[in-house]
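Residue numbers (our numbering): 493 to 733. All C-beta atoms in this analysis are idealised placements derived from N, C-alpha and C, irrespective of residue type, glycine included. Worksheet for the structure shown next.
Printed below as a string of C-alpha coordinates:
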(Lines of atoms letter the chains of each structure in order from A and count residues from 1; the text may use other names and numbers.)
(Lines give C-alpha, C1' and ligand atoms only; values in the text may rest on other atoms or scores of the structure.)
Protein backbone atom coordinates (compact mmCIF):
# COMPACT_ATOMS: atom_id res chain seq x y z
CA UNK A 1 0.00 0.00 0.00
CA UNK A 2 1.39 3.40 -0.99
CA UNK A 3 1.43 6.13 1.63
CA UNK A 4 1.07 9.90 1.21
CA UNK A 5 1.95 12.23 4.08
CA UNK A 6 0.56 15.78 4.07
CA UNK A 7 2.16 18.51 6.20
CA UNK A 8 -0.62 20.99 6.97
CA UNK A 9 -0.26 24.47 8.48
CA UNK A 10 -3.89 25.56 8.83
CA UNK A 11 -6.88 23.18 8.79
CA UNK A 12 -8.66 24.66 5.76
CA UNK A 13 -5.59 24.53 3.48
CA UNK A 14 -5.68 20.78 3.08
CA UNK A 15 -5.22 18.33 0.21
CA UNK A 16 -8.43 19.51 -1.45
CA UNK A 17 -8.95 17.94 -4.86
CA UNK A 18 -5.75 15.96 -4.41
CA UNK A 19 -7.35 13.77 -1.75
CA UNK A 20 -9.77 11.81 -3.96
CA UNK A 21 -7.12 11.52 -6.66
CA UNK A 22 -4.61 10.00 -4.25
CA UNK A 23 -7.19 7.66 -2.75
CA UNK A 24 -8.13 6.53 -6.24
CA UNK A 25 -4.49 5.73 -6.96
CA UNK A 26 -4.30 3.47 -3.91
CA UNK A 27 -2.61 5.78 -1.41
CA UNK A 28 -3.22 5.66 2.31
CA UNK A 29 -3.35 9.26 3.53
CA UNK A 30 -1.93 10.73 6.71
CA UNK A 31 -1.96 14.39 7.72
CA UNK A 32 0.36 15.98 10.27
CA UNK A 33 -0.28 19.50 11.57
CA UNK A 34 3.12 21.19 11.43
CA UNK A 35 3.99 23.01 14.63
CA UNK A 36 1.26 21.15 16.53
CA UNK A 37 2.23 17.51 16.03
CA UNK A 38 5.76 16.07 15.94
CA UNK A 39 7.30 15.49 12.52
CA UNK A 40 8.77 11.99 12.90
CA UNK A 41 11.80 11.59 10.69
CA UNK A 42 11.01 7.96 9.96
CA UNK A 43 7.51 8.78 8.69
CA UNK A 44 8.81 11.54 6.43
CA UNK A 45 11.48 9.23 5.05
CA UNK A 46 9.23 6.21 4.59
CA UNK A 47 6.26 7.88 2.88
CA UNK A 48 5.96 7.26 -0.83
CA UNK A 49 4.81 10.86 -1.29
CA UNK A 50 5.08 13.96 0.89
CA UNK A 51 2.89 17.01 0.22
CA UNK A 52 3.80 20.25 2.02
CA UNK A 53 0.75 22.51 2.03
CA UNK A 54 0.21 26.25 2.31
CA UNK A 55 -0.24 28.57 5.26
CA UNK A 56 -0.24 32.21 6.34
CA UNK A 57 3.29 32.37 7.75
CA UNK A 58 6.59 33.13 6.06
CA UNK A 59 9.15 30.48 5.16
CA UNK A 60 11.80 32.31 7.20
CA UNK A 61 9.61 33.19 10.21
CA UNK A 62 11.79 31.03 12.46
CA UNK A 63 11.93 33.51 15.32
CA UNK A 64 8.15 33.55 15.64
CA UNK A 65 7.54 29.96 14.54
CA UNK A 66 10.59 27.87 15.53
CA UNK A 67 9.12 24.64 14.16
CA UNK A 68 9.93 25.91 10.66
CA UNK A 69 13.60 25.02 11.17
CA UNK A 70 12.75 21.38 11.81
CA UNK A 71 10.29 21.32 8.93
CA UNK A 72 12.80 22.86 6.52
CA UNK A 73 15.44 20.33 7.60
CA UNK A 74 12.97 17.50 6.98
CA UNK A 75 12.20 18.86 3.51
CA UNK A 76 15.92 19.15 2.78
CA UNK A 77 16.44 15.50 3.70
CA UNK A 78 13.54 14.47 1.50
CA UNK A 79 14.96 16.45 -1.42
CA UNK A 80 18.42 14.96 -0.89
CA UNK A 81 16.89 11.48 -0.99
CA UNK A 82 15.20 12.36 -4.31
CA UNK A 83 11.88 10.96 -3.12
CA UNK A 84 8.55 12.33 -4.44
CA UNK A 85 7.74 15.71 -2.90
CA UNK A 86 5.06 18.26 -3.79
CA UNK A 87 5.11 21.75 -2.26
CA UNK A 88 2.23 24.20 -2.55
CA UNK A 89 2.52 27.93 -1.74
CA UNK A 90 4.29 27.96 1.65
CA UNK A 91 5.31 24.39 0.88
CA UNK A 92 7.04 25.49 -2.33
CA UNK A 93 8.69 28.37 -0.48
CA UNK A 94 10.01 25.96 2.16
CA UNK A 95 11.35 23.74 -0.61
CA UNK A 96 13.12 26.75 -2.12
CA UNK A 97 14.54 27.67 1.28
CA UNK A 98 15.73 24.09 1.83
CA UNK A 99 17.58 24.38 -1.49
CA UNK A 100 19.30 27.60 -0.41
CA UNK A 101 17.10 30.09 -2.27
CA UNK A 102 15.80 33.40 -0.94
CA UNK A 103 12.14 33.75 0.04
CA UNK A 104 10.98 37.32 0.66
CA UNK A 105 7.89 39.58 0.63
CA UNK A 106 6.84 40.89 -2.77
CA UNK A 107 5.45 44.12 -1.36
CA UNK A 108 2.03 43.28 -2.78
CA UNK A 109 -0.49 40.50 -2.30
CA UNK A 110 -1.38 38.21 -5.18
CA UNK A 111 -4.82 36.97 -4.15
CA UNK A 112 -7.53 35.92 -6.55
CA UNK A 113 -8.08 34.01 -9.76
CA UNK A 114 -5.75 34.47 -12.73
CA UNK A 115 -4.06 32.22 -15.29
CA UNK A 116 -0.37 31.42 -15.26
CA UNK A 117 1.87 31.82 -18.29
CA UNK A 118 3.86 28.68 -18.98
CA UNK A 119 7.49 28.80 -20.05
CA UNK A 120 8.65 26.51 -22.84
CA UNK A 121 9.72 24.06 -20.14
CA UNK A 122 6.35 24.42 -18.44
CA UNK A 123 4.50 23.62 -21.65
CA UNK A 124 6.41 20.33 -21.82
CA UNK A 125 5.83 19.58 -18.13
CA UNK A 126 2.87 18.20 -16.16
CA UNK A 127 1.58 21.79 -16.05
CA UNK A 128 0.74 21.66 -19.78
CA UNK A 129 -3.05 21.47 -19.17
CA UNK A 130 -2.87 25.02 -17.76
CA UNK A 131 -1.76 26.39 -21.13
CA UNK A 132 -5.40 26.99 -22.04
CA UNK A 133 -5.51 29.95 -19.65
CA UNK A 134 -7.74 28.42 -16.98
CA UNK A 135 -7.55 30.79 -13.99
CA UNK A 136 -5.98 29.28 -10.88
CA UNK A 137 -6.22 30.45 -7.28
CA UNK A 138 -3.38 32.67 -6.06
CA UNK A 139 -3.01 33.51 -2.37
CA UNK A 140 0.39 34.77 -1.27
CA UNK A 141 2.48 37.81 -0.46
CA UNK A 142 5.95 36.22 -0.55
CA UNK A 143 7.96 34.91 -3.48
CA UNK A 144 10.92 32.57 -3.90
CA UNK A 145 14.01 32.82 -6.06
CA UNK A 146 14.41 29.91 -8.41
CA UNK A 147 16.55 27.44 -6.44
CA UNK A 148 20.00 26.72 -7.84
CA UNK A 149 19.27 23.01 -7.83
CA UNK A 150 15.98 23.36 -9.70
CA UNK A 151 16.01 22.04 -13.22
CA UNK A 152 13.57 24.58 -14.62
CA UNK A 153 11.15 27.44 -14.08
CA UNK A 154 7.75 26.36 -15.31
CA UNK A 155 5.28 29.23 -14.96
CA UNK A 156 4.87 32.91 -14.12
CA UNK A 157 2.33 35.72 -13.78
CA UNK A 158 2.64 39.48 -14.21
CA UNK A 159 2.65 39.86 -10.42
CA UNK A 160 5.11 37.09 -9.58
CA UNK A 161 7.58 35.67 -12.09
CA UNK A 162 8.35 32.53 -10.10
CA UNK A 163 5.19 30.42 -9.97
CA UNK A 164 6.47 26.86 -10.32
CA UNK A 165 9.70 24.89 -10.41
CA UNK A 166 10.71 21.27 -10.68
CA UNK A 167 13.61 19.06 -9.76
CA UNK A 168 13.66 16.17 -12.15
CA UNK A 169 10.49 14.12 -12.03
CA UNK A 170 10.41 13.74 -8.26
CA UNK A 171 9.86 17.25 -6.85
CA UNK A 172 7.44 20.01 -7.85
CA UNK A 173 6.91 23.38 -6.19
CA UNK A 174 3.78 25.41 -6.98
CA UNK A 175 3.28 28.96 -5.73
CA UNK A 176 -0.42 28.85 -6.65
CA UNK A 177 -3.15 26.72 -5.11
CA UNK A 178 -3.96 24.14 -7.75
CA UNK A 179 -5.11 21.78 -4.98
CA UNK A 180 -7.86 24.09 -3.70
CA UNK A 181 -11.41 22.74 -3.81
CA UNK A 182 -13.40 25.85 -4.68
CA UNK A 183 -16.52 24.32 -3.16
CA UNK A 184 -14.81 24.97 0.18
CA UNK A 185 -13.57 28.48 -0.59
CA UNK A 186 -15.71 29.98 2.19
CA UNK A 187 -13.35 28.49 4.77
CA UNK A 188 -10.49 30.40 3.13
CA UNK A 189 -12.48 33.64 3.09
CA UNK A 190 -13.19 33.28 6.81
CA UNK A 191 -9.74 32.04 7.82
CA UNK A 192 -7.93 34.77 5.88
CA UNK A 193 -10.42 37.56 6.70
CA UNK A 194 -7.80 39.83 8.25
CA UNK A 195 -5.39 39.39 5.33
CA UNK A 196 -8.13 40.15 2.80
CA UNK A 197 -9.18 43.27 4.69
CA UNK A 198 -5.58 44.50 4.98
CA UNK A 199 -5.08 44.01 1.24
CA UNK A 200 -8.35 45.74 0.37
CA UNK A 201 -9.78 42.64 -1.29
CA UNK A 202 -13.53 42.07 -1.10
CA UNK A 203 -14.31 38.42 -0.27
CA UNK A 204 -17.62 38.84 -2.09
CA UNK A 205 -15.71 39.12 -5.37
CA UNK A 206 -13.86 35.85 -4.85
CA UNK A 207 -17.03 34.13 -3.64
CA UNK A 208 -18.90 35.24 -6.75
CA UNK A 209 -16.16 34.11 -9.14
CA UNK A 210 -15.56 30.65 -7.70
CA UNK A 211 -18.65 28.70 -8.88
CA UNK A 212 -18.03 29.40 -12.56
CA UNK A 213 -14.40 28.27 -12.27
CA UNK A 214 -14.74 25.27 -9.96
CA UNK A 215 -15.39 22.51 -12.50
CA UNK A 216 -12.75 23.52 -15.04
CA UNK A 217 -10.12 24.16 -12.39
CA UNK A 218 -10.77 20.82 -10.68
CA UNK A 219 -10.35 19.06 -14.04
CA UNK A 220 -7.09 20.88 -14.80
CA UNK A 221 -5.81 20.05 -11.33
CA UNK A 222 -6.70 16.39 -11.86
CA UNK A 223 -4.88 16.37 -15.20
CA UNK A 224 -1.77 18.12 -13.89
CA UNK A 225 -1.44 16.05 -10.74
CA UNK A 226 -2.13 12.80 -12.61
CA UNK A 227 0.75 13.37 -15.02
CA UNK A 228 3.08 14.51 -12.24
CA UNK A 229 2.22 11.52 -10.05
CA UNK A 230 2.73 9.16 -12.99
CA UNK A 231 6.23 10.56 -13.48
CA UNK A 232 7.07 10.75 -9.77
CA UNK A 233 5.96 7.17 -9.20
CA UNK A 234 7.96 5.99 -12.22
CA UNK A 235 10.99 7.81 -10.82
CA UNK A 236 10.53 6.10 -7.45
CA UNK A 237 10.20 2.72 -9.14
CA UNK A 238 13.44 3.26 -11.07
CA UNK A 239 15.26 4.23 -7.89
CA UNK A 240 13.96 1.13 -6.11
CA UNK A 241 14.93 -1.24 -8.93
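Identity of the residues DSSP links to residue i by a beta bridge
| i | result |
| --- | --- |
| residue 580 | 666 |
| residue 522 | 497 |
| residue 644 | 658 |
Cut-off 8 Å between Cβ atoms - residues of its own chain near residue i, not counting five sequence neighbours on either side
| i | result |
| --- | --- |
| residue 549 | 501, 556, 557, 560 and 582 |
| residue 714 | 509 and 513 |
| residue 654 | 635, 636, 637, 638, 645, 648 and 667 |
Under the three-state DSSP convention, the category residue i falls into
| i | result |
| --- | --- |
| residue 504 | coil |
| residue 549 | coil |
| residue 495 | strand |
| residue 632 | strand |
| residue 671 | coil |
| residue 512 | helix |
| residue 683 | helix |
| residue 609 | strand |
| residue 651 | coil |
Alpha carbon of residue i to alpha carbon of residue j, nearest angstrom
| i | j | result |
| --- | --- | --- |
| residue 724 | residue 646 | 17 Å |
| residue 728 | residue 662 | 8 Å |
| residue 539 | residue 602 | 32 Å |
| residue 702 | residue 546 | 19 Å |
Own chain, CB closer than 7 Å to residue i, minus 5 neighbours either side, in chain order
| i | result |
| --- | --- |
| residue 619 | 610, 646, 647, 656 and 716 |
| residue 629 | 605, 668, 669 and 672 |
| residue 621 | 712, 715 and 716 |
| residue 706 | 674 and 675 |
CB contact flag (residue i, residue j, <7 Å)
| i | j | result |
| --- | --- | --- |
| residue 613 | residue 644 | yes |
| residue 566 | residue 531 | yes |
| residue 584 | residue 666 | yes |
| residue 588 | residue 636 | yes |
| residue 521 | residue 551 | no |
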